[in-house]
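**Student:**
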Amino acid sequence: MSAVIDKKLLAPLRLTSLFDEGTLEYVASQVDGIGAVSATGKINGRLVVAFANDPSFQGGALGAAEGAVIVDAYAIAMKEQCPIVGIWHSGGARLQEGIGALKPFGDIFRVMTHASGKIPQVSVVLGPAAGGGAYGPALTDIVILGPEGRIFVTGPDVVRSVTGEDVDMLRLGGPEPHGRRSGVVHVVSLTEEQAMADTRNITDLLGNQGMLDTSKISDIDMGALLPAQNNRAYDAHPIVDSVIDAGTGIELHPRWAPNIITTLGRFGGRTVGVIANNPLRLGGCLDATSAEKSARFVRMCDALGVPMIVMVDVPGYLPGVGQEWDGVVRRGAKLLHAFAECVVPRITCVTRKSYGGAYIAMNSKALGATRVMAWDGAEVAVMGPLAAIRILHRRRLAQNYGWRFAKMH
Numbered sequence: 001m002s003a004v005i006d007k008k009l010l011a012p013l014r015l016t017s018l019f020d021e022g023t024l025e026y027v028a029s030q031v032d033g034i035g036a037v038s039a040t041g042k043i044n045g046r047l048v049v050a051f052a053n054d055p056s057f058q059g060g061a062l063g064a065a066e067g068a069v070i071v072d073a074y075a076i077a078m079k080e081q082c083p084i085v086g087i088w089h090s091g092g093a094r095l096q097e098g099i100g101a102l103k104p105f106g107d108i109f110r111v112m113t114h115a116s117g118k119i120p121q122v123s124v125v126l127g128p129a130a131g132g133g134a135y136g137p138a139l140t141d142i143v144i145l146g147p148e149g150r151i152f153v154t155g156p157d158v159v160r161s162v163t164g165e166d167v168d169m170l171r172l173g174g175p176e177p178h179g180r181r182s183g184v185v186h187v188v189s190l191t192e193e194q195a196m197a198d199t200r201n202i203t204d205l206l207g208n209q210g211m212l213d214t215s216k217i218s219d220i221d222m223g224a225l226l227p228a229q230n231n232r233a234y235d236a237h238p239i240v241d242s243v244i245d246a247g248t249g250i251e252l253h254p255r256w257a258p259n260i261i262t263t264l265g266r267f268g269g270r271t272v273g274v275i276a277n278n279p280l281r282l283g284g285c286l287d288a289t290s291a292e293k294s295a296r297f298v299r300m301c302d303a304l305g306v307p308m309i310v311m312v313d314v315p316g317y318l319p320g321v322g323q324e325w326d327g328v329v330r331r332g333a334k335l336l337h338a339f340a341e342c343v344v345p346r347i348t349c350v351t352r353k354s355y356g357g358a359y360i361a362m363n364s365k366a367l368g369a370t371r372v373m374a375w376d377g378a379e380v381a382v383m384g385p386l387a388a389i390r391i392l393h394r395r396r397l398a399q400n401y402g403w404r405f406a407k408m409h
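Per full-length UniProt numbering, the sequence shown starts with residue 1, numbered consecutively.
(1) Leaving aside the five residues before and after residue 402 along the sequence, list all residues of the same chain whose C-beta is less than 7 Å from its C-beta, in chain order.
(2) Considering only residues of the same chain and omitting the five flanking positions on each side of residue 128, which have a CB-CB separation below 6 Å?
(3) Taking Cβ positions, are residue 269 and residue 249 nearer each other than 8 Å?
(4) Name the residue from 119, 339 and 382 whose alpha carbon lies nearest to the alpha carbon of residue 49.
(5) Does DSSP put residue 62 in a helix, a strand or coil?
(6) Verify whether the separation of the beta carbon atoms of residue 238 and residue 272 is less than 8 Å.
(7) Out of 31, 16, 69 and 37, state which residue places its alpha-carbon closest to the alpha-carbon of residue 43.
(8) What residue range does the alpha helix (DSSP H) around residue 110 cover?
(9) Beta carbon of residue 374, beta carbon of residue 311: below 8 Å?
(10) CB residue 71 to CB residue 28, shorter than 8 Å?
(11) Could you give the distance in angstroms between the alpha-carbon of residue 193 and the alpha-carbon of residue 146?
(12) Between residue 314 and residue 355, how many whole angstroms is the CB-CB distance? I'm expecting something under 8 Å.
(13) If we ignore side chains and look at the alpha-carbon of each, how far apart do residue 321 and residue 286 end up?
(14) I need the DSSP call for residue 20, collapsed to helix, strand or coil.
(15) In whole angstroms, what separates the C-alpha of residue 183 from that of residue 280?
(16) What's the gap between the Cα of residue 24 and the Cα of residue 379?
(17) Going residue by residue through the stretch 225 to 260, where are the continuous beta strand (DSSP E) segments of at least 3 residues, counting only ones entirely within it?
(18) By Cβ distance below 7 Å, which residues in the same chain neighbour residue 297 in space, the five residues on each side in sequence not counted?
(19) Just list the residues that DSSP pairs residue 86 with in beta bridges.
(20) Look at the alpha carbon of residue 217 and the alpha carbon of residue 358, and state the distance between them as a whole number of angstroms.
(21) Measuring alpha carbon to alpha carbon, tell me which of 267, 256, 190 and 41 ends up nearest residue 125.
(22) Output needed for residue 19: all residues of its chain with C-beta closer than 8 Å, excluding positions within five of it in sequence on either side, in chain order.
(23) List in chain order: all unbroken alpha helix (DSSP H) runs of 4+ residues lying wholly within the stretch 316 to 384.
(24) With 16 other CB atoms within 10 Å as the buried threshold, where does residue 497 fall?
(25) Only counting the same chain, and skipping five residues up and downstream in sequence, which positions put a Cβ closer than 7 Å to that of residue 186?
(26) Give me the Cα-Cα distance between residue 419 and residue 80, rounded to the nearest whole angstrom.
(27) Specify the secondary structure class of residue 262 as computed by DSSP and reduced to three states.
(28) Which of the three DSSP states, helix, strand or coil, is assigned to residue 280?
(29) Consult DSSP for residue 289 and reduce its assignment to one of helix, strand or coil.
(30) So, does the stretch 109 to 123 touch the stretch 159 to 175, judging by three or more C-beta pairs under 8 Å?
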């Protein structure tokens, strides 16, 4: 949306652009003195509840009245068992209310937590989401960041005065820190219009999951997508794109832990989540960050009843001191836990190799996979053949090396 639009019009225009034309009905309309509005409407014909901060009043700051608007919106969504979308543009707590401004945040966080896993929750951040307002989006299933979106707990002025670091809002809470480093943001949109389109698409995928129509599923020639050399790196995105229906895929966290791909899309018209190791990055190894990313995705799909397809090509866990210190054990355990307690149907296909502990972690049969398949020529083993030879025959190899070394002298 144009930057010259009157702020007074932002919240209504954003809600209008979210819903199908002519379906918006206000629950809490724009009123002087209240910095939030809420409404019901339809996305592709399905009921959705939404709320929006109103930046025309005190920058969309949250106080008791705004908190009540959001809590009431959640009550409607829970009653109707439909998705809820939050359009965030808030400078944080309304300071004029003093300590009383903090309670609404607790109320909002409580209803969000109670709704978790029961209804889809989508956040689109189109301006600042500061202070307590940063945790609102973080508690939802999906976070979409618009071009002016900024998410941070403490703003640049506080950071500068306390730590001496000179930083602006973009570097503190924009697309780079949250799209690539922290993993807070699932989707970064280049324009506000694109952000609203992404919000509609994701809300439709999660709230209108559809029925499987096998006539829409076409065969995949996996051999044409895999390199002829077994040790050659390749981009797994074409494999993911070949699995889902054309034009339906939305990749989540594309720049955070890119060694694993997490995508929502449709398979024969039915919403599915697709996870794939990406050998083009870190050889497709699992590491601490990719394990956490995958676990979060698995839990969301399981909670919202989304079946999963897991495309596996993994040589193992990434070794190194940095990984151990970064919590690969703790964060890797999250992925094991997520798959082991998962109840939705989930199919695994080993495309090229699956070794060691990473084999177990990537939705193995032992963790309860619905079905495990392997492409012709795929390898499933404790470790790769060269590594196994070095361990199992290290004494003989050492003796042979010593004999050859002695002969040289």
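We put the beta carbon where it would ideally sit given N, CA and C, even for glycine.
**Tutor:** Put simply:
(1) Reliability fails at residue 402, whose pLDDT of 48 lies under 50, so the model's placement of it is uncertain and no value is given.
(2) The residues 91 and 150, in chain order, have a CB closer than 6 Å to that of residue 128 in the same chain once the five nearest residues on each side in sequence are set aside.
(3) Contact flag unset, no.
(4) Closest in C-alpha terms to residue 49, from the list 119, 339 and 382, comes 119.
(5) DSSP places residue 62 in the strand class (E or B) of the three-state scheme.
(6) Taking a C-beta distance under 8 Å as the contact criterion, residue 238 and residue 272 do not qualify as a contact pair.
(7) Among 31, 16, 69 and 37, the Cα nearest to that of residue 43 is on 16.
(8) Note, residue 110: alpha helix (DSSP H), 103 to 115.
(9) One thing to note: residue 374 has its Cβ no nearer than 8 Å to the Cβ of residue 311.
(10) With respect to the 8 Å criterion, residue 71 and residue 28 are not classified as neighbours on the basis of their beta carbons.
(11) The alpha-carbon atoms of residue 193 and residue 146 are separated by roughly 9 Å.
(12) About 7 Å; that satisfies the 8 Å criterion.
(13) Between residue 321 and residue 286, the C-alpha separation is close to 15 Å.
(14) It is coil, neither helix nor strand.
(15) Each residue's Cα considered, the two are about 20 Å apart.
(16) Approximately 54 Å between the Cα atoms of the pair.
(17) Contiguous beta strand (DSSP E) elements confined to the stretch 225 to 260 occur at 250 to 252, taking only those with 3 or more residues.
(18) Around residue 297: 252, 262, 273 and 275.
(19) DSSP output for residue 86 lists 51 and 123 as bridge partner(s).
(20) Roughly 29 Å between the two C-alpha positions.
(21) Nearest of 267, 256, 190 and 41 to residue 125, Cα basis: 190.
(22) Once the five neighbours on either side are set aside, the close Cβ partners of residue 19 are 39, 41, 42, 43, 48 and 50.
(23) When DSSP assignments are scanned along the stretch 316 to 384, the uninterrupted stretches of alpha helix (DSSP H) that are 4 or more residues long and fall wholly within it turn out to be 321 to 325, 328 to 340 and 356 to 361.
(24) Here the chain comprises residues numbered 1 to 409, so residue 497 is not present and cannot be evaluated.
(25) Closer than 7 Å at Cβ, skipping near neighbours: 142, 143, 144, 252 and 253.
(26) The chain is shown from 1 up to 409; residue 419 falls before or after that span and cannot be answered.
(27) In the structure shown, residue 262 sits in a strand (DSSP, three-state: E or B).
(28) DSSP places residue 280 in coil when its eight states are reduced to three.
(29) It is helical.
(30) Output reads no: the stretch 159 to 175 does not touch the stretch 109 to 123.
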